[in-house]
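Enquirer: The structure's right below; bear with me while I get my questions together.
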Amino acid sequence: MSAEKKQISSPLRYPGSKKRLTGYIEEILALNDLDNYLFVEPFAGGANVSLYLLQNNLVDSIGLIERDPLVASFWQIVFSKNEKEVNWLIEQIRTIDIDLQNWIKYKNTVPDTKKERALACLFLNRTSFSGILAPSSGPIGGYSQSSQYKIDCRFPRAKLITKIKTLSKLRDKVKFVWNLHWKNGLTRIKNMKISGRLNNAILFYFDPPFFHQADRLYRYFFQEKDHKDLKSSILKIKSPWILSYDYCDEVKGLYGNESLTRVELLYSASQNGGSKSAQEVIISNIEYLPAKTKLWRSTEEWKNGKT
500 MSAEKKQISS PLRYPGSKKR LTGYIEEILA LNDLDNYLFV EPFAGGANVS LYLLQNNLVD
560 SIGLIERDPL VASFWQIVFS KNEKEVNWLI EQIRTIDIDL QNWIKYKNTV PDTKKERALA
620 CLFLNRTSFS GILAPSSGPI GGYSQSSQYK IDCRFPRAKL ITKIKTLSKL RDKVKFVWNL
680 HWKNGLTRIK NMKISGRLNN AILFYFDPPF FHQADRLYRY FFQEKDHKDL KSSILKIKSP
740 WILSYDYCDE VKGLYGNESL TRVELLYSAS QNGGSKSAQE VIISNIEYLP AKTKLWRSTE
800 EWKNGKT
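Residue numbers (my numbering): 500 to 806.
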């Protein structure tokens, strides 16, 4: 998409981040004249798609639903209408010691307050391998800190503060941030629509935990039954929806190969710190999907100016 587009990317690092999917979803909106929608992510995570669409006025507003209390608390503080809460988080980012002692503290406890949970989320996300919050994930640089890359190498204080300050200004366009299971979030939305407390046209974007290796990537992941429950719920939704998944036999078996549009992304959660190409699938009840499905360019393609 155009280089003039605004994108303050998420302060959170996520394996399989959907940052490279933003232009693809933007094109879906354009092809189908989907504007002025409330864009809802029932698996918010890093929320890169929501943030991009909101910053570029491609949606009316956003709503985030997240089961993980650490991640939900982070977004609740970033978009809090109480500036004291945002300023508190910014001050912690400015002054906290980025060391193994704090990593161990946050790894082994769940703070009691929303503010402390927000800080724990950002701290662990920025000091753990590939931003992974799952229990099995270790600190960047290892416990010995003998690696070339130390625990603080992904914690750029000034940059994080700038991101949070910029994003917090969008708070009036954030309808809600809920710490809920996705199913409970959909039920709440349905009840609010029935009662007239939510009148917006809604566009849903589902980015659930992957089938493969999800237990190594997330604190809350899916079993086979959860994937089936999600399909059952999504297919009942009358509003437009988009679903992204890892491309695998399980997804093909669940949704049928003919309903899948494969897209090629770059992932960065690799042991050597590099990126690798991987395929995901897009499933949607929206009529028109973009023809272009390779969403990255090699170094050689960049040099040659190829799209």
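The beta-carbon is built from N, C-alpha and C at its ideal position, and this holds for glycine as well. Predicted, not measured: the structure shown is a model, and the values here were computed from it.
Using DSSP with H/G/I as helix, E/B as strand and the rest coil, what is Gly772?
Expert: To locate residue 772, count along the sequence shown from 1; it is residue 273. Annotation note: pLDDT 49 at Gly772 (below 50); position unreliable, no value reported.
Enquirer: Enumerate in chain order the residues of its own chain whose CB-to-CB distance from His680 is below 7 angstroms, with the five nearest sequence positions on each side excluded.
Expert: Position 181 of the sequence shown, counting from 1, holds the residue named residue 680. Closer than 7 angstroms at the Cβ level, and outside the excluded window around His680, lie Arg566.
Enquirer: Any idea if Gly545 is buried or exposed, counting beta-carbon neighbours within 10 angstroms, 16 or more meaning buried?
Expert: Locating residue 545 in the sequence shown gives position 46, counting from the first residue. So Gly545 ends up on the buried side.
Enquirer: For the segment 722 to 747, which segments carrying the beta strand (DSSP E) assignment without a break, of at least 3 residues, lie completely within its bounds, in sequence order?
Expert: List check, beta strand (DSSP E) in window: 740 to 745.
Enquirer: Considering only the alpha carbon of each residue, which of Arg512, Arg670, Ala633, Gln554 lies closest to Lys504?
Expert: Mapped onto the sequence shown, residue 504 falls at position 5. When each option's Cα is compared against that of Lys504, the closest is Gln554.
Enquirer: Identify, in the order they occur along the chain, each residue of the same chain with its Cβ nearer than 6 angstroms to the Cβ of Thr521, setting aside the five sequence neighbours on each side.
Expert: Within the sequence shown, the letter at position 22 stands for residue 521. So the qualifying residues of the chain are Val548, Tyr551.
Enquirer: What is the rounded straight-line gap between the Cα of Ile736 and the Cα of Ser667?
Expert: Here residue 736 corresponds to residue number 237 of the sequence shown, with the count starting at 1. Here residue 667 corresponds to residue number 168 of the sequence shown, with the count starting at 1. So the alpha carbons of these two residues sit roughly 31 angstroms apart.
Enquirer: By alpha-carbon positions, which one of Ile781, Thr612, Leu621 ends up nearest to Trp602?
Expert: Position 103 of the sequence shown, counted from the first residue, corresponds to residue 602. Selected option, being the one with the closest Cα: Leu621.
Enquirer: Give me whichever residues DSSP pairs with Pro638 in a beta bridge.
Expert: In the sequence shown, residue 638 corresponds to position 139, counting from 1. Per DSSP, Ser627.
Enquirer: Threshold first: 3 residues or longer. Then list the beta strand (DSSP E) segments lying entirely within the segment 695 to 722, N to C.
Expert: Counting whole runs of 3 or more residues, the segment 695 to 722 contains the beta strand (DSSP E) stretches 701 to 705.
Enquirer: Taking the Cβ atom as the reference point for each residue, do Leu537 and Leu697 lie within a distance shorter than 9 angstroms?
Expert: What you label residue 537 is simply residue 38 of the sequence shown in a count that begins at 1. What you label residue 697 is simply residue 198 of the sequence shown in a count that begins at 1. Cβ distance < 9 angstroms, so Leu537 and Leu697 count as in contact.
Enquirer: If we count the other Cβ atoms within 10 Å of its Cβ and call it buried at 16 or more, is Pro509 buried or exposed?
Expert: Numbered from 1 along the sequence shown, position 10 holds the residue referred to as residue 509. Checking the displayed sequence, the identity of residue 509 turns out to be Ser instead of Pro. Burial call: buried.
Enquirer: Identify every residue that forms a DSSP beta bridge with Arg593.
Expert: Position 94 of the sequence shown holds residue 593. None, per the DSSP bridge assignment.
Enquirer: I want to check one thing, is the minimum distance from the CB of Ser560 to the heavy atoms of the ligand GDP below 8 angstroms?
Expert: In the structure on display, the ligand GDP does not appear, and there are no ligands present to speak of.
Enquirer: Evaluate the contact criterion for the segment 685 to 696 versus the segment 521 to 534: three or more CB pairs, one atom per stretch, below 8 angstroms.
Expert: The segment 685 to 696, when compared against the segment 521 to 534, does not touch it at the 8 angstroms Cβ threshold.
Enquirer: Assign Asn756 to buried or exposed, taking buried as 16 or more other Cβ atoms, counted over all protein chains shown, within 10 Å of its Cβ.
Expert: What you label residue 756 is simply residue 257 of the sequence shown in a count that begins at 1. Exposed, because fewer than 16 other Cβ atoms sit within 10 Å of the Cβ of Asn756.
Enquirer: Helix, strand or coil for Ala777, going by three-state DSSP, please let me know.
Expert: Taking the first residue of the sequence shown as position 1, residue 777 is located at position 278. Ala777: strand per DSSP, three-state reduction.
Enquirer: Three-state secondary structure (DSSP) at Lys604?
Expert: To locate residue 604, count along the sequence shown from 1; it is residue 105. It is helical.
Enquirer: Taking only the alpha-carbon atoms, compute the straight-line gap between Ala790 and Ser783 and give it to the nearest angstrom.
Expert: Locating residue 790 in the sequence shown gives position 291, where the first residue counts as 1. Locating residue 783 in the sequence shown gives position 284, where the first residue counts as 1. Rounded to the nearest angstrom, the two C-alpha atoms are 14 angstroms apart.
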